[in-house]
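Contents: one structure, followed by commentary.
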Amino acid sequence: MLFYSIPTSVMNWMNPDWEIWRTFRIDIRKHVRRIKEEISSGAPKLSQPDRATVFSEILTNPNLPEAEKDAERLSREAQVTVQAGIETVSWSLTTNLTYLLSTPSALNRLHAELAAAIPTASAAAVPGWPALEQLPYLSACVHEGLRLGYGVVTRLARVPQDEPLAYAEPGGRAWSIPPGTPSGVCGAVYRAGDVG
């Protein structure tokens, strides 16, 4: 909340690169206000597939309280949504590209599969997404990037609710964690296996 109350002049003085962030915030607010104005002016319902947005659906939902439809609240939700999508995609791409560039055999295998599926280098020759999903090695690379792009490396709390949680150490010792007992597991530990 404090970040949002910093005047623009102070933000620019602290870090001129924040101008991009400020512009992003302003654009998001304008977008939300425009949708609110369209709805309040009696514009056609925006839930047609070609015009639907998260905001049009929230703003036209009669089951949501007005506090949920506040322009400032929706602007902040939009910022979080966009940032989450950017971070997830960019990290998955970074993970995939790093692995492929450091493992020539994997890169060559992916290149061969793509060359067979897309014989000419033109935009018209690129098959649609459903056809690309059928390429086994490309799909495996995408899934592997998502698996290894696990975000923050910290312990994630797990609390078994109804039954004991079984845990076995690599040396063979077994544990039974009673229901309701918090335990922590680092996402990197259980997601990162052999990627070769």
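Read in full-length UniProt numbering, the sequence shown has 162 at position 162, and its numbers run on one by one without any break.
Even glycine gets a Cβ: it sits at the ideal position worked out from N, Cα and C.
As the structure is a prediction and not an experimental result, all values here were calculated from the model.
Endpoints, the alpha helix (DSSP H) within which residue i is located
{"i": "Gly145", "result": "Pro136 to Leu148"}
{"i": "Val159", "result": "Here Val159 belongs to no alpha helix (DSSP H), and DSSP marks it neither H nor E."}
{"i": "Pro130", "result": "Trp129 to Glu133"}
{"i": "Ile6", "result": "Looking at the DSSP string, Ile6 is not in any alpha helix (DSSP H), and its letter there is neither H nor E."}
{"i": "Asp27", "result": "Trp18 to Ser40"}
{"i": "Ser56", "result": "Val54 to Leu59"}
The beta strand (DSSP E) enclosing residue i, as first and last residue numbers
{"i": "Ser183", "result": "Ser183 to Cys186"}
Three-state class that DSSP yields for residue i in the structure shown
{"i": "Ala112", "result": "helix"}
{"i": "Ala166", "result": "strand"}
{"i": "Ser176", "result": "strand"}
{"i": "Leu101", "result": "helix"}
{"i": "Asp70", "result": "coil"}
{"i": "Ala106", "result": "helix"}
{"i": "Leu64", "result": "coil"}
{"i": "Asn15", "result": "coil"}
{"i": "Val126", "result": "coil"}
{"i": "Ile118", "result": "coil"}
{"i": "Gly171", "result": "coil"}
{"i": "residue 201", "result": "The structure shown does not extend to residue 201, since the chain spans only 1 to 196, so no value can be given for it."}
{"i": "Thr154", "result": "coil"}
C-beta contact flag for residue i and residue j at 8 Å
{"i": "Glu113", "j": "Leu135", "result": "yes"}
{"i": "Leu110", "j": "Leu138", "result": "yes"}
{"i": "Pro182", "j": "Gln161", "result": "no"}
{"i": "Lys36", "j": "Ala71", "result": "yes"}
{"i": "Arg22", "j": "Thr8", "result": "yes"}
{"i": "Gly184", "j": "Arg155", "result": "yes"}
{"i": "Leu124", "j": "Ile118", "result": "One detail in the question is off: residue 124 reads as Ala in this sequence, not Leu. Against a cut-off of 8 Å, the Cβ pair of Ile118 and Ala124 comes out as no contact."}
Backbone CA spacing between residue i and residue j [nearest angstrom]
{"i": "Ala106", "j": "Leu148", "result": "16 Å"}
{"i": "Gly172", "j": "Arg158", "result": "22 Å"}
{"i": "Leu101", "j": "Tyr150", "result": "20 Å"}
{"i": "Arg25", "j": "Pro65", "result": "24 Å"}
{"i": "Ala168", "j": "His143", "result": "27 Å"}
{"i": "His31", "j": "Ala166", "result": "50 Å"}
{"i": "Glu163", "j": "Ile177", "result": "9 Å"}
{"i": "Ile20", "j": "Val89", "result": "20 Å"}
{"i": "Ala78", "j": "Pro170", "result": "44 Å"}
{"i": "residue 216", "j": "Trp18", "result": "Summary: the structure shown does not reach residue 216, with the chain confined to residues 1 through 196, and so no result is reported for it."}
{"i": "Ala121", "j": "Ala115", "result": "9 Å"}
{"i": "Pro16", "j": "Val10", "result": "10 Å"}
Inter-residue CB distance, residue i and residue j (contact presumed, cutoff 8 Å)
{"i": "Leu74", "j": "Ile58", "result": "7 Å"}
{"i": "Thr60", "j": "Ile39", "result": "6 Å"}
{"i": "Gly145", "j": "Asn96", "result": "4 Å"}
Contact with chain B by residue i, beta-carbon distance below 8 Å
{"i": "Glu163", "result": "Considering every chain present, this structure includes no chain B. It has just one protein chain."}
Cβ-heavy atom distance, residue i to the ligand PLP, below 7 Å
{"i": "Asn63", "result": "As far as ligands go, the structure on display features none, and thus does not contain the ligand PLP."}
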